[in-house]
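Visitor:
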Amino acid sequence: PEAFAAIVTASPSMQGVFRYVEAIAGTPLPVLVTGETGVGKELIARAIHALSGRPGAFVPVNVAGLDDTLFSDALFGHRRGGFTGADRDRPGLVEQAAGGTLFLDEIGDLAAASQVKLLRLLQEGRYYPIGSDLQKASDARVVVATNRDLAAMQEKGAFRRDLYYRLRSHHVHLPPLRRRREDLPLLVDHLLARAAALSFLGTRLETWP
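Every number in the numbering used here is 702 more than the matching position in the sequence shown, counting from 1.
1. In the DSSP assignment, find the alpha helix (DSSP H) that holds residue 775 and state where it starts and stops.
2. Using DSSP's beta-bridge definition, name the partner residues of residue 803.
3. Keeping to the same chain, check which residues put their C-beta closer than 7 Å to that of residue 801; ignore five residues upstream and five downstream.
4. Is the distance from the Cβ of residue 869 to the Cβ of residue 745 below 8 Å?
5. Looking at residue 847: is its Cβ nearer than 8 Å to the Cβ of residue 807?
6. Please report the straight-line C-alpha distance between residue 703 and residue 861, rounded to a whole angstrom.
7. Can you tell me where the beta strand (DSSP E) with residue 874 in it begins and where it stops?
8. Near residue 837, which residues of its chain fall below 8 Å by C-beta distance, leaving aside the five closest residues on each side in sequence?
9. Does the region 724-738 come close enough to the region 773-788 that 3 or more CB-CB pairs lie under 8 Å?
10. According to DSSP, residue 688 sits in a beta bridge with which residue or residues?
11. Taking DSSP's pairing of strands, which residues face residue 793 in a bridge?
12. Hey, residue 821 and residue 864: beta-carbon distance below 8 Å or not?
13. Which whole-angstrom value is the C-beta distance of residue 732 and residue 824, which I expect to be below 8 Å?
14. Looking at the structure shown, is residue 731 part of a helix, part of a strand, or coil, going by DSSP?
15. If residue 706 sits next to residue 747, beta carbons under 8 Å apart, how far is it from one beta carbon to the other, in whole angstroms?
16. Taking 6 Å as the limit between beta carbons, can you name the residues of its chain near residue 916, skipping five residues before and five after?
17. Please name the residue, chosen from 833, 764, 881, that lies closest to residue 660 on a Cα-to-Cα basis.
18. Relative to the C-alpha of residue 816, which residue among 724, 770, 900 is closest?
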């Protein structure tokens, strides 16, 4: 399918991933995407959104390094006067993803207080913008990704058990490249073709009158 066109692979294990993604893409339940850095977790998240048929936008955000205040403001937005310097209303990413998909990358780095807020959003489908006492509803589908072992983290108390089980309603694990050796020639050809295209473009720009 066209949704997977950006993923260069001939691996049977990846074909199995594609079939699973096609099967679960149309459901509203959260999806947890795991795998090592560089295996294409965001590409899979985008494929899930494309196959879902949802009319809203795909809205990505990397939550690594966000403290609870920044997380709340980024996701839920704020009302004018909600905090010092808030001189106007600002919609959050949840609102921007209405009818679409909210993709939270590096979810394993989410602060404990923010985990509670994300859990509430998933449970109730509602949230409070900062400075507002009126709840807003959300119909955004949530897809998260991490290269960390959330199962081990929740056993150690570093990640909420209830949030972990809610996020892994569907779980997509991407195998590392070292287990997909058949993809190496394809990736080399793909990277060489991209390098050649960029080199050609650079030459054309240099000679542009």
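Where a beta carbon is used, it is the ideal one built from N, C-alpha and C, also for glycine.
Guide: To lay it out plainly:
1. As a first step, residue 775 must be located in the sequence shown, where it is residue number 73. Looking at the DSSP string, the run of the alpha helix (DSSP H) that includes residue 775 is 770-778.
2. To locate residue 803, count along the sequence shown from 1; it is residue 101. 760, 843, per the DSSP bridge assignment.
3. Residue numbering aside, residue 801 sits at position 99 when the sequence shown is read from its first letter. Contacts found: 756, 757, 758, 841.
4. By 1-based counting over the sequence shown, the position of residue 869 is 167. By 1-based counting over the sequence shown, the position of residue 745 is 43. Not in contact: residue 869 and residue 745 (Cβ atoms no closer than 8 Å).
5. By 1-based counting over the sequence shown, the position of residue 847 is 145. By 1-based counting over the sequence shown, the position of residue 807 is 105. Yes, the Cβ-Cβ distance between residue 847 and residue 807 is below 8 Å.
6. Mapped onto the sequence shown, residue 703 falls at position 1. Mapped onto the sequence shown, residue 861 falls at position 159. When rounded, the distance between both Cα atoms is 35 Å.
7. Here residue 874 corresponds to residue number 172 of the sequence shown, with the count starting at 1. That run of the beta strand (DSSP E) goes 872-875.
8. The count along the sequence shown starts at 1 and reaches residue 837 at position 135. Result list for residue 837: 828, 829, 830, in chain order.
9. no
10. Residue 688 falls outside the range modelled here, since the chain spans only 703 to 911, and no answer is possible.
11. Looking up residue 793 in the sequence shown gives position 91. Paired residue(s): 779.
12. Position 119 of the sequence shown, counted from the first residue, corresponds to residue 821. Position 162 of the sequence shown, counted from the first residue, corresponds to residue 864. Cβ atoms of residue 821 and residue 864: closer than 8 Å.
13. Here residue 732 is taken as the residue at index 30 of the sequence shown, counted from 1. Here residue 824 is taken as the residue at index 122 of the sequence shown, counted from 1. Rounded, the Cβ-Cβ distance is 6 Å, consistent with contact.
14. As a position in the sequence shown, residue 731 is number 29, starting the count at 1. Residue state, collapsed to three classes: coil.
15. Residue numbering aside, residue 706 sits at position 4 when the sequence shown is read from its first letter. Residue numbering aside, residue 747 sits at position 45 when the sequence shown is read from its first letter. In fact, because the Cβ distance is near 12 Å, the residues do not count as touching under 8 Å.
16. Any property of residue 916 remains undetermined from this structure, which presents the chain solely from 703 to 911.
17. The chain is shown from 703 up to 911; residue 660 falls before or after that span and cannot be answered.
18. On the sequence shown, residue 816 is found 114 positions in, with the first residue counted as 1. Cα-wise, what sits closest to residue 816 is 770.
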